[in-house]
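Read through the structure below, which is laid out as structure tokens, and then see the notes.
Numbering (the numbering used here), first residue to last: 51 to 356.
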């Protein structure tokens, strides 16, 4: 009898979880941290100690999944060093109703947290066949001309699909538009993405130098969408004790808050801060977290659906 009750309880729990999945296309957050993840390699400071001790506090490198329940297909944004964990996490959270591999991967730029997960698709691990990778022209050339990425191309493990900035691409019922943003472009340009589903519009800008360096107005761009997941690498200017923060330019959270300070709360509420450096208190300081939420902004959470 107890075994029978347990069976029905498990089945009922599965149904409850399944009902939480939206009926139309949605975004699932698979990672929220900066390229080094959280905790950060070599960090023994208080900001990381708690995460080294408690695995539940750890966070993957920034990544999103665009999920289309109607076609039972999904697409990955960013190929991070945590991609193995992220694909498994996606599989678990969606009750294994989607293929293990995405239909394709959209990558913003050639900094280690955003593209190096591609190595998992080579002959040493997955040995995939023609997995689509959507990228802008300079990043495409970089992958084609430099190993080990060039081997993935020559062996046809991946199929590079060149995007044109500001030119929408249709995928199932959804539309993706890449655009360029100013960033440290040592090996490639840097993209942001506008993601349009039948019901929602999303903005994804995990990396940018400063809002005032962009040829677009971030306030206007946020107003055009329902949800904006934007660069929040550093909270304030004094976080990095070992080097000047100007060496790694990003819009500070305090700067973003000030920039949107005069906007209505419904505009601020569209913003979900993401891409946190391990020093950023939005990862681990509940007081700062509550203050940012009180100010009208949101904090992207790993595993959440938007």
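Beta carbons are placed, not taken as given, at the ideal position from N, Cα and C, and that holds for glycine.
Is it true that the CB of residue 282 sits closer than 8 angstroms to the CB of residue 255?
For this step, residue 255 is matched to residue 205 along the chain shown. For this step, residue 282 is matched to residue 232 along the chain shown. One thing to note: residue 255 has its Cβ no nearer than 8 angstroms to the Cβ of residue 282.
Leaving out the 5 sequence neighbours to the left and right, which residues in its chain are closer than 6 angstroms to residue 229 when beta-carbon positions are compared?
To locate residue 229, count along the chain shown from 1; it is residue 179. Within the same chain, 215, 216 and 242 come within 6 angstroms of residue 229 by CB-CB distance, once the 5 residues on both sides are set aside.
Reducing DSSP to helix, strand and coil, say where residue 290 ends up.
As a working mapping, residue 290 is identified with position 240 in the chain shown. Three-state result, residue 290: coil.
Drop a sphere of 10 angstroms on the beta-carbon of residue 99, count the other beta-carbons inside from all chains shown, and report buried for 16 or more, exposed for fewer.
Here residue 99 refers to the residue found at position 49 of the chain shown. Exposed, since its Cβ has fewer than 16 Cβ neighbours within 10 Å.
Neighbourhood of residue 90 by C-beta, 7 angstroms cutoff - its chain only, sequence neighbours within 5 removed:
The residue you call residue 90 lines up with position 40 of the chain shown. If we look at residue 90 and ignore the five residues flanking it on each side, its Cβ neighbours are 98 and 328.
Check the DSSP bridge columns for residue 156 and list the partner residues they point to.
The sequence position of residue 156 within the chain shown is 106, counting from 1. In DSSP, residue 156 forms a bridge with 127 and 184.
Should the segment 74 to 81 be called in touch with the segment 309 to 319, which here means at least 3 C-beta pairs below 8 angstroms?
Contact fails between the segment 74 to 81 and the segment 309 to 319, because fewer than three Cβ pairs, one in each stretch, are under 8 angstroms apart.
Contiguous alpha helix (DSSP H) assignments of at least 4 residues, all confined to the segment 292 to 343:
Complete alpha helix (DSSP H) runs here, min 4: 303 to 309 and 315 to 318.
Whole-angstrom Cβ separation of residue 113 and residue 189, contact assumed at under 8 angstroms?
Residue mapping note: residue 113 aligns to position 63 of the chain shown, counting from 1. Residue mapping note: residue 189 aligns to position 139 of the chain shown, counting from 1. The C-beta separation of residue 113 from residue 189 comes to about 17 angstroms, leaving the pair out of contact by the 8 angstroms criterion.
Quick one: what's got a C-beta closer than 8 angstroms to residue 60's C-beta in the same chain, skipping five residues either side?
To locate residue 60, count along the chain shown from 1; it is residue 10. Its pLDDT being 41, under 50, residue 60 is placed unreliably in this model, and the value from its coordinates should be taken loosely. Excluding residues within five positions, none has a Cβ falling inside 8 angstroms.
Below 8 angstroms, how does it come out for the segment 189 to 203 and the segment 145 to 161: are there three or more Cβ pairs, yes or no?
Judged by Cβ distances under 8 angstroms, the segment 189 to 203 makes contact with the segment 145 to 161, as three or more pairs qualify.
Would you kindly check if the distance between the Cβ of residue 155 and the Cβ of residue 184 is under 8 angstroms?
Position 134 of the chain shown, counting from 1, holds the residue named residue 184. Position 105 of the chain shown, counting from 1, holds the residue named residue 155. Contact flag set, yes.
Terminal residues of the continuous beta strand (DSSP E) containing residue 118?
Working through the chain shown from its first residue, we reach residue 118 at position 68. Unbroken beta strand (DSSP E) run through residue 118: 113 to 118.
Three-state secondary structure (DSSP) at residue 221?
Stepping through the chain shown from its first residue, residue 221 is reached at position 171. Collapsing the DSSP output to three states places residue 221 in a strand.
State yes or no: is the C-beta of residue 211 within less than 8 angstroms of the C-beta of residue 182?
What you label residue 211 is simply residue 161 of the chain shown in a count that begins at 1. What you label residue 182 is simply residue 132 of the chain shown in a count that begins at 1. Yes, these two residues count as a Cβ contact at 8 angstroms.
Could you tell me whether the segment 258 to 274 touches the segment 167 to 174, where touching means 3 or more Cβ pairs closer than 8 angstroms?
Under the 8 angstroms Cβ criterion, the segment 258 to 274 does not count as touching the segment 167 to 174, having fewer than three qualifying pairs.
Nearest to residue 253 by alpha carbon, out of 287, 280, 262 and 143?
Here residue 253 corresponds to residue number 203 of the chain shown, with the count starting at 1. Of the residues 287, 280, 262 and 143, the one whose Cα lies closest to the Cα of residue 253 is 280.
With a threshold of 8 angstroms on Cβ separation, who are the neighbours of residue 141 within its own chain once the five nearest residues in sequence on each side are excluded?
By one-based count along the chain shown, residue 141 stands at place 91. Result list for residue 141: 148 and 150, in chain order.
Do residue 331 and residue 321 have their CB atoms nearer than 8 angstroms?
As a working mapping, residue 331 is identified with position 281 in the chain shown. As a working mapping, residue 321 is identified with position 271 in the chain shown. Note that the C-beta distance between residue 331 and residue 321 is not below 8 angstroms.
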